[in-house]
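Inspection log for the structure reproduced underneath, given as structure tokens.
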Amino acid sequence: MPYMEKTEITEETKEVQPIVLTSENQKDRLKEITDRLEQGILEVFESERYKEYLRVISKFHHYSFNNTMLIALQKPDASLIAGFSAWKNSHGRTVKKGEKGIRIIAPAPFKVKQEMEKLDPKTNMPVMGADGKAVTEEREITIPAYKVVSVFDVSQTEGKEIPSIGVNELTGDVSQYEDFFTALKKASPVPIALEHIEGSAHGYYHLAEKRIAIDDNMSELQTLKTAIHEIAHAKLYDIDLNAPKEKQENRLDQRTREVEAESIAYTVCRHYGLDTSDYSFGYVAGWSSGKELSELKGSLETIRLAASELIDSIDEHFKELQRTKENELTEKEAEPSLQEEKQEEASQERDAGTQVRYYPINEASAKRAKEMNSFAGYTPGSATLEYKSLVDQAAEIAENQKKRVDPSFHNKIDALLDTYSKKLAANMNNGFAIDARVPSVLIAGGSNFPTRKKEKQNAARDKNYGEWKEIQGLLEKIRSTGMGGISADDPDAVKKLNAKLEKLTKAQETMKAVNAYYRKHKSLEGCPELDSEAIEKLKARMEIRGVHDKPYPSWTLSNNNSEIRRIKDRIQSLSVNKEELYTGWEFAGGRAEINVKDNRLQLFFDDKPDGKIRDELKANGFRWSPKASAWQRQLNSNAIYAADAVSSIKPLTGERVIELQRNFRKKDSIKAAPEYIYKVLEDPAEKDSMKNFRLEAYIVKENGKAQSELLYGGTKEQCKKLLDEVQSGKLTNGQIKELYAKAENSEPEKDTFRIYQLKRGEKTRELQFESYDRLKESGQVLNTDNYVKVYEAELTNGLSLEDIYTRFNIDHPKDFYGHSLSVSDVVVLHKDGKDSAHYVDRFGYKDAPEFLKPQNYLKHVEDIVEQNDNNFDGIINNTPNAPTVSELEQKIKAGEAISLTELAKAVKAENRSTGEPQKKPSIREQLKEAKKQSEQKKHNTKIKNHELEV
Numbered sequence: 040m041p042y043m044e045k046t047e048i049t050e051e052t053k054e055v056q057p058i059v060l061t062s063e064n065q066k067d068r069l070k071e072i073t074d075r076l077e078q079g080i081l082e083v084f085e086s087e088r089y090k091e092y093l094r095v096i097s098k099f100h101h102y103s104f105n106n107t108m109l110i111a112l113q114k115p116d117a118s119l120i121a122g123f124s125a126w127k128n129s130h131g132r133t134v135k136k137g138e139k140g141i142r143i144i145a146p147a148p149f150k151v152k153q154e155m156e157k158l159d160p161k162t163n164m165p166v167m168g169a170d171g172k173a174v175t176e177e178r179e180i181t182i183p184a185y186k187v188v189s190v191f192d193v194s195q196t197e198g199k200e201i202p203s204i205g206v207n208e209l210t211g212d213v214s215q216y217e218d219f220f221t222a223l224k225k226a227s228p229v230p231i232a233l234e235h236i237e238g239s240a241h242g243y244y245h246l247a248e249k250r251i252a253i254d255d256n257m258s259e260l261q262t263l264k265t266a267i268h269e270i271a272h273a274k275l276y277d278i279d280l281n282a283p284k285e286k287q288e289n290r291l292d293q294r295t296r297e298v299e300a301e302s303i304a305y306t307v308c309r310h311y312g313l314d315t316s317d318y319s320f321g322y323v324a325g326w327s328s329g330k331e332l333s334e335l336k337g338s339l340e341t342i343r344l345a346a347s348e349l350i351d352s353i354d355e356h357f358k359e360l361q362r363t364k365e366n367e368l369t370e371k372e373a374e375p376s377l378q379e380e381k382q383e384e385a386s387q388e389r390d391a392g393t394q395v396r397y398y399p400i401n402e403a404s405a406k407r408a409k410e411m412n413s414f415a416g417y418t419p420g421s422a423t424l425e426y427k428s429l430v431d432q433a434a435e436i437a438e439n440q441k442k443r444v445d446p447s448f449h450n451k452i453d454a455l456l457d458t459y460s461k462k463l464a465a466n467m468n469n470g471f472a473i474d475a476r477v478p479s480v481l482i483a484g485g486s487n488f489p490t491r492k493k494e495k496q497n498a499a500r501d502k503n504y505g506e507w508k509e510i511q512g513l514l515e516k517i518r519s520t521g522m523g524g525i526s527a528d529d530p531d532a533v534k535k536l537n538a539k540l541e542k543l544t545k546a547q548e549t550m551k552a553v554n555a556y557y558r559k560h561k562s563l564e565g566c567p568e569l570d571s572e573a574i575e576k577l578k579a580r581m582e583i584r585g586v587h588d589k590p591y592p593s594w595t596l597s598n599n600n601s602e603i604r605r606i607k608d609r610i611q612s613l614s615v616n617k618e619e620l621y622t623g624w625e626f627a628g629g630r631a632e633i634n635v636k637d638n639r640l641q642l643f644f645d646d647k648p649d650g651k652i653r654d655e656l657k658a659n660g661f662r663w664s665p666k667a668s669a670w671q672r673q674l675n676s677n678a679i680y681a682a683d684a685v686s687s688i689k690p691l692t693g694e695r696v697i698e699l700q701r702n703f704r705k706k707d708s709i710k711a712a713p714e715y716i717y718k719v720l721e722d723p724a725e726k727d728s729m730k731n732f733r734l735e736a737y738i739v740k741e742n743g744k745a746q747s748e749l750l751y752g753g754t755k756e757q758c759k760k761l762l763d764e765v766q767s768g769k770l771t772n773g774q775i776k777e778l779y780a781k782a783e784n785s786e787p788e789k790d791t792f793r794i795y796q797l798k799r800g801e802k803t804r805e806l807q808f809e810s811y812d813r814l815k816e817s818g819q820v821l822n823t824d825n826y827v828k829v830y831e832a833e834l835t836n837g838l839s840l841e842d843i844y845t846r847f848n849i850d851h852p853k854d855f856y857g858h859s860l861s862v863s864d865v866v867v868l869h870k871d872g873k874d875s876a877h878y879v880d881r882f883g884y885k886d887a888p889e890f891l892k893p894q895n896y897l898k899h900v901e902d903i904v905e906q907n908d909n910n911f912d913g914i915i916n917n918t919p920n921a922p923t924v925s926e927l928e929q930k931i932k933a934g935e936a937i938s939l940t941e942l943a944k945a946v947k948a949e950n951r952s953t954g955e956p957q958k959k960p961s962i963r964e965q966l967k968e969a970k971k972q973s974e975q976k977k978h979n980t981k982i983k984n985h986e987l988e989v
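Take the sequence shown: its letter number 264 is residue 303 in my numbering, and every next letter is one higher.
Right under this line is the structure:
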């Protein structure tokens, strides 16, 4: 056989042709990109475009169909893609300036709480309450969602060298060809044999005998291509000829089968660097003509899935063969006792530090598994050595982690290591037993091969592999133990949280002081809170962000303040005596106890619970503790909710577990609830008129004295308004204090200008470029809902409306993405705390006060706190005034229709204000008046149309 020839694949780097998305929200952007996908599927069935798409699959065969298509449409020569941050953080590379992103679709699931019927685990039927209605419970469900993200190819980046971005291409080495062909045989669902084939056929798949034949008089390269092509036929289009025709699966037409098989062969060959220059797909345009979009998409998805599966299978078998050869060479060259000596040294090192316990490995089972799946002989003790090597690696991770964390976490790390060692041994022994069930097809041969047993074996292997991945997750737990998180089980948790709170509070004060210094001096030089090194770092950070108004942005202060509040709440929750929060109960066959000392909710059963109950307990987070002889989990509110979901431990009182705890707390909360006295007081020492009043709460103690607590500081009107809210129960003390904290942390308001432009769509098409007077004549209202804010910036001294118009027509800022300022746009100036709206007209600007909704001085408070609008009912009232009778009369004269309900309300309001009762018009009179108005409006419309025609 001649040597294989490796072809160097060189491609010219192409610029990204990004898909331009015009929508602003994710839902519409997804709609745009999926529409472009449908168009792209039709475009790809051109000869060269089709080969480009197959090349993309060969490099990104694990990506979804949609994303491989998107990559092919935008940058078909891409070889390795990642997000902007991933390139920087994981690969040490940065995206080149000016490079355009490749748009793909990424998952963005979110969780929602939904009220659902509670099902009986035994009958799987809804649980009915005493009132005969189905009992409901709140569950958290994950909603699958997607979003459009941008990624970049390696050719668009620069920086640290990447060792290898693809698979190792096959060389011309004969031995490597033999290994690859052997891997292909193992990946094939049926036996492959070389034989002499008459005629021009390179090979064929025999439907009756379930085998693949390949002509033995071909080059190595052509042999591999033909084998892949025929494997695709065997995997996708096999049928049972012995089955009745009505039960046989419908096969695709021969032309479709050949197109798909040839495409799979091209993709796989391209992936391994084999010469694909002789492949031509000029016929696909004719084949795809007349087919439905769903059929074309289905074929492309079939090609992608089959190629990906075949590549993965070949990789697995090829690596196995390479490892076997390396092991054979190592065993010949190395002394038999060398590995054992190394293992003994490693064990001695472990004894000096972390204690490791090894669990037994079933050598006999490992030997049978080897004999059932390989021609190579089994090396005695190799399975045990492999197991101990993995455990030693885990022990090294544990030892390194101990050096990094507090000694209080060492016992937990040792326990995790022992769990890993025990579960790994059980998983490996189970894997050996599974592998020994059914021999490989290479060992048993294709005749009378037990296919059903093999399917069961594969399913068991998949399950065991899933368990193995979970066991590997224990290594991540070891690495994360003691790193930042403070467990509620830690006896020094409150002490550690207080230390963390002190650091955060100090950082907050420092950031505020630095910002105040910068506002005053416009420089960081000489700032007493920072040393020279910190000043230089902060300057560099400001330069990178391109922000020069303050060193620490508002969001930094806000986030740090939120963390302070979270730590305070956690300290408060941990400081509470849990004996006052939770109580135990009795259930049929056992009892539940609150163990405050160990911080556990413990379940004690009189007898061992059956398998179904144990599964239910495990599903809800309970674990068996031999030490406590109980099923338990950490004591917190989640444990109570979990216990409520376990049907076998319901309280004998008939209450739900949640209700039992709630009623228990109510007994003491009624007695413990403090009584507050609220007062609004003037602060004579405060010179700022916006802060010279205080809202204070007083708690009356048993000795008759009162302790005051400041809730809010502001104007007299603000404090009185909040006083009404807290006394009515609409706001709590904590909510008002939060408002005050937000107001204190907010930065001084600056003068700004905002540019609004009409949204795109049918609704606003007629409003585009209309003059202000024309809008008024046609009765159109300048509605903010029709506009979107496209730009906002600081209103510097001397910047006028004319300057803004000139700048946004001639010299656009870099961060401005709207169109040039033109008629129908609106500019809003925020100056001295007030807003004014200006409509861009055909000649200059027109004042448009109706564009701005009336604002209340507490409106910003609602935005800051982001609470439910119901909390602010009565504080904010932006409802426009009802029209008067005279205003409605003007509308009638103008030919506009009015509401009879509005007319009746206006008449009633006018009578109430004047004190002169008027006779209420009858329904008949109101209908007559409405008819006249309608006829008048039709008449006006007819006159208007006549004028247009003339």
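For every residue, glycine included, the Cβ atom is placed at its ideal position computed from N, Cα and C.
Since the structure is predicted, the reported quantities are computational estimates derived from the model, not experimental observations.
Nearest to Asp842 by alpha-carbon distance, out of Asn825, Asp854 and Leu860, is Leu860. Val685 and Lys508 have their C-alpha atoms spaced approximately 28 Å apart. Spatial neighbours of Leu840 in its own chain (CB-CB distance under 7 Å, excluding positions within 5 residues in sequence) are listed in chain order as Val866, His877 and Tyr884. Excluding residues up to 5 positions away in sequence, Tyr621 and Gly623 lie with their Cβ nearer than 6 Å to the Cβ of Ile633 in the same chain.
Taking a contact to require three or more Cβ pairs closer than 8 Å, the region 356-363 and the region 126-135 do not qualify as touching. Excluding sequence positions up to five before and after Thr341, its CB lies within less than 8 Å of the CB of Leu275 and Glu299, all in the same chain and listed in chain order. With a cut-off of 8 Å on Cβ pairs, the region 395-406 is in contact with the region 448-466, counting three or more such pairs.
Boundaries of the alpha helix (DSSP H) harbouring Asn412: Glu402 to Asn412, taken from the DSSP string. In this structure, DSSP gives Asp317 a state outside helix and strand, which the three-state scheme calls coil. Between the C-alpha atoms of His235 and Glu410 there is a straight-line separation of about 33 Å. By the Cβ criterion, the region 756-771 is not in contact with the region 792-808, since fewer than three pairs of Cβ atoms, one from each stretch, lie closer than 8 Å. For a cut-off of 8 Å, the C-beta gap from Ile80 to Ala226 is around 29 Å, too long to register as a contact. Nearest C-alpha to Leu260 among Glu297, Asp317 and Leu280: Asp317. DSSP links Ile143 through a beta bridge to Val188. In this structure, the beta-carbon distance from Gln195 to Val134 falls below 8 Å. In the structure shown, Ile253 falls within a strand segment according to DSSP collapsed to helix, strand and coil. Counting other Cβ atoms within 10 Å of its Cβ, Tyr322 stays below 16 and is therefore classed as exposed. Here the C-alpha atom of Glu602 lies approximately 10 Å from the C-alpha atom of Asp608. Excluding sequence positions up to five before and after Phe855, its CB lies within less than 6 Å of the CB of Tyr830, all in the same chain and listed in chain order.
When the beta-carbon positions are compared, Tyr591 and Phe320 stay at least 8 Å from each other. In this structure, the beta-carbon distance from Thr61 to Arg799 falls below 8 Å. At a Cβ-Cβ threshold of 8 Å, Ser810 and Asp886 do not count as neighbours. Under DSSP, Leu640 shares a beta bridge with Ile633 and Arg672. Between Val820 and Glu926, the C-beta spacing is not below 8 Å. Counting along the chain, no beta strand (DSSP E) covers Glu801; the unbroken alpha helix (DSSP H) around it starts and ends at Glu801 to Arg804.
Your pair Tyr751 and Tyr715 does not check out as a contact, with CB atoms roughly 14 Å apart and the cut at 8 Å.
A straight-line Cα-Cα distance of about 31 Å links Lys802 and Leu109. Three or more Cβ pairs closer than 8 Å define a contact, and the region 261-270 meets that threshold against the region 303-312. The alpha-carbon separation between Thr295 and Arg178 amounts to approximately 47 Å.
Tyr243 and Arg491 have their C-alpha atoms roughly 26 Å apart. Taken through DSSP and simplified to helix, strand or coil, Val866 comes out as strand. Taking 8 Å as the upper bound for CB-CB distance, Thr549 and Phe448 are not in contact here, some 30 Å apart.
In this structure the region 114-125 does not touch the region 164-175; the number of beta carbon pairs closer than 8 Å is below three. Measuring C-alpha to C-alpha distances from Lys666 to each of Ile652, Ser687 and Arg639 identifies Arg639 as the nearest. Under the DSSP definition of a beta bridge, Ala532 lacks any partner. Counting along the chain, Val879 sits inside the beta strand (DSSP E) bounded by residues Lys873 to Val879.
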